[in-house]
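Asker:
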Amino acid sequence: MGIIWFTSCYDDKSEYATNPIDEVKIEVSDEKTIYIGYLEELNIVPTITQGGKTDVKGLKYEWELSIIADMNEAEYQSIGTEPELHEIINRPIANVPYSLRLTVTDTTNKEDLQYQYYWNVYVQSSFLDGLLISETNNDQTSDFTLIENKSFTVNYGNKEERIFRNILEKANGAPYTGLMTGLRYEMMGYANVGTHTNQVWAITNNGCVRFDTEAFKENGNLEDGKILTYRPEGLTVYNFFKAQTLFYMNTNKGIYSFNAISSNSFGWIDAAASQYTINNAVVACNTSGDPYCTGMWLDKDKGKFVSYEGTFVSPTYQDSYAANNLFDPCDMKNKSAIAGGMSTDRKTPTFLLKDDTSGEYAIYTFSRYVAAEGYYDDEWNWYETAPEILASAKMKYDIPLSGKALIEKAVSIFFAHKEAIMYIATHDGIYCINFAGSTAIVETSPKYTPTSGEKITVAKLYQQGQYINDESSVISDSHVYPELELNNKAIIIATQKDTYEGKVYVVPMTQIGTGNLDISKALIYDGFGKILDVTTIGY
């Protein structure tokens, strides 16, 4: 705690005064240098005395914060006129401090003596990795809520949970005009080398928008040229996905991509990828860094499956998957993609397809291409230790009628990442199909049932943001971030009780491989409007 005697700039004639003027003294527990998170509340509660008395009359207070982070050329804006300061700080994040000034004016004398004190205020990011929700309260505008705690945030420790609501409105004075759906977290640059930018992309009514999550400032949209060099007339964005280090935007005008390590915008169309179309925007992908089949989809027009192979240095797309006695990946014209993902071992491409003729459903899995392994001896003779594995069909699991009934009521369908489990979310429950054996087993009893009056609207696998962006940054021998306990071991559920009364649940899996969920350990969050989407972000 420090005691501050304010001195004023005037000629001291009090020695001649009949009634000497008592000095104002202020006691503060704050240091002169303050570090505050962006959009956090700055609280300073000084004890103000004059002549040893705390009940001081005739003092006027003004708190001012510099508009820009420059101590040498400070232009101030008034942020408070009370003895205490309780103010949300929405100044841009900066490496140099802002200047905070408190002016106390003694109005009981004709000189209106002023006493001033200054703080250096560093504004830092408050937003770490966590659970990000897009919501609307009027179907016209939307905003973000970010939840940070030890379950969703790396190295969070035992700090209290923090929930940042209405982030855009608090930062900019208004929410986003339009509805933000299809959220996707992505990082530009390397996590552990040089600088990087954490970003979240969203599909909107008129295209898409992107935010830098350091302060949730918009850093690109389809109108300003920061996301796409040339925008074709009538462009519609279907979805975003990442395969290896390439970040993709799937549209009605073709497929765009850029290398997220060194780029941050789409140039021209990806001519190689755009030889193909992605049926129903369903893609199975991962970001493991493996050069084989990190992205795969069904091209219904060509009637075959396509996969992204190689690296950003030499990207290729191949569509020559070998057939087996169960199915031919190159003869799928009468099939439609319903859901897709990497399942079982994190690397097995898995799809739920519908037969357009019969109306029946089946789960299809694939063997990825794997190069032969071996070594050269001293005389450069090659010795193979493991044979080449060709990209091919693997298994097909026909879905029985009980599963078909659930699928046709589904609001979300997704695969577990490390188990042979497909989750089906309907309005009234979460169900699963186990395909670990030779046949698909439908669990007709729900693994989760919403609270009375609530309906499930969205469900998906919980994966921490860093893992979504780059699996190797979390699970490789040279990982940058620790793996969160819930990563790939929980599901996210959004429900609505009324149009603008939403909840989010994060429910851990139990007895891995069974599809069971531990409702007793669910993390529950309310206070939302209509939930448009939920994702995770990294930091």
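If you use full-length UniProt numbering, the sequence shown corresponds to residues 1 to 539, in order.
Note that beta-carbon positions come from the ideal geometry of N, C-alpha and C, so glycine has one too.
#1: Determine the burial state of H86: buried for a count of at least 16 other Cβ atoms within 10 Å of its Cβ, exposed for fewer.
#2: Would you say the region 437-445 touches the region 250-257, given that touching needs at least three Cβ pairs under 8 Å?
#3: Is F366 near P329, with beta carbons less than 8 Å apart?
#4: What would DSSP say about N250, mapped onto helix, strand or coil?
#5: So, with DSSP's three-state summary, where would you put G130?
#6: Would you kindly report the start and end of the unbroken alpha helix (DSSP H) that includes Q464?
#7: On a CA-only basis, which of V534, P450 and Y481 is nearest K497? Give me that one, please.
#8: Using CA atoms only, rank isn't needed, just tell me which of T136, P387 and M422 is closest to F528.
#9: Quick check: the Cα distance between R368 and M342, rounded to an integer number of angstroms?
#10: What residue range does the alpha helix (DSSP H) around S473 cover?
#11: Taking the alpha helix (DSSP H) that N172 belongs to, which residues open and close that run?
#12: Does DSSP classify Q124 as helix, strand or coil?
#13: Should W382 be labelled buried (16 or more other beta-carbon atoms within 10 Å of its own) or exposed?
#14: Within a Cβ cutoff of 7 Å, which residues of the same chain sit near G58, ignoring the five residues on either side of it in sequence?
#15: K404 lies in the alpha helix (DSSP H); which residues open and close that run?
#16: Can you give me the Cβ contacts of D470 inside the same chain, cut-off strictly under 6 Å, excluding the 5 residues immediately before and after it?
#17: In the DSSP assignment, find the beta strand (DSSP E) that holds H86 and state where it starts and stops.
#18: What are the partner residues of T136, as DSSP defines its beta bridges?
#19: With the cut-off set at 8 Å, would you say G289 and S472 are in Cβ contact?
#20: Would you grab the beta carbon distance between V123 and I89 for me? Rounded to a whole angstrom, and I think it's under 8 Å.
#21: When you compare the region 474-486 with the region 392-399, are there three or more beta-carbon pairs, one atom per stretch, that lie closer than 8 Å?
#22: Any C-beta of chain D sitting closer than 8 Å to the C-beta of K521?
#23: Out of curiosity, what's the CA-to-CA distance linking I163 and Y505?
#24: In terms of residues, what are the limits of the beta strand (DSSP E) holding I389?
#25: Cβ atoms of E309 and Y292: under 8 Å apart, would you say?
#26: T33 lies in the beta strand (DSSP E); which residues open and close that run?
#27: Bridge partners for G303 per DSSP, in chain order?
#28: Return the chain-ordered list of same chain residues with a C-beta closer than 6 Å to the C-beta of A323, the five sequence neighbours on each side being excluded.
#29: Hey, quick one: how far does the beta strand (DSSP E) through C208 stretch, first residue to last?
#30: Could you give the distance in angstroms between the alpha-carbon of E40 and the alpha-carbon of L128?
#31: Go through its chain and collect everything with a Cβ distance to K333's Cβ below 6 Å, but skip five positions before and after it.
#32: List the residues that DSSP assigns as beta-bridge partners of Y156.
#33: According to DSSP, is Q275 helix, strand or coil?
#34: If I measure Cβ to Cβ from I67 and keep anything under 6 Å in the same chain, skipping five residues before and after, which residues do I get?
#35: Under the rule that 16 or more other beta-carbon atoms within 10 Å means buried, what is L131, buried or exposed?
#36: With DSSP as the reference, label N286 as helix, strand or coil.
Answerer: Taking the coordinates as given:
#1: exposed
#2: no
#3: yes
#4: strand
#5: strand
#6: Run containing Q464: none; DSSP gives neither H nor E here.
#7: P450
#8: T136
#9: 11 Å
#10: S472 to I475
#11: I167 to N172
#12: strand
#13: exposed
#14: D106, T107 and T108
#15: L401 to I407
#16: T287
#17: L85 to I88
#18: K530
#19: yes
#20: 6 Å
#21: no
#22: Going by chain labels, chain D is absent from the structure shown, which holds only one protein chain.
#23: 15 Å
#24: Note, I389: premise wrong, no beta strand (DSSP E); not H, not E.
#25: yes
#26: T33 to G37
#27: G303 pairs with nothing; no bridge assigned.
#28: A393
#29: G207 to D212
#30: 13 Å
#31: G303
#32: The partner list for Y156 (beta bridge, DSSP) is empty, contrary to what the question assumes.
#33: helix
#34: E75 and Q77
#35: buried
#36: coil
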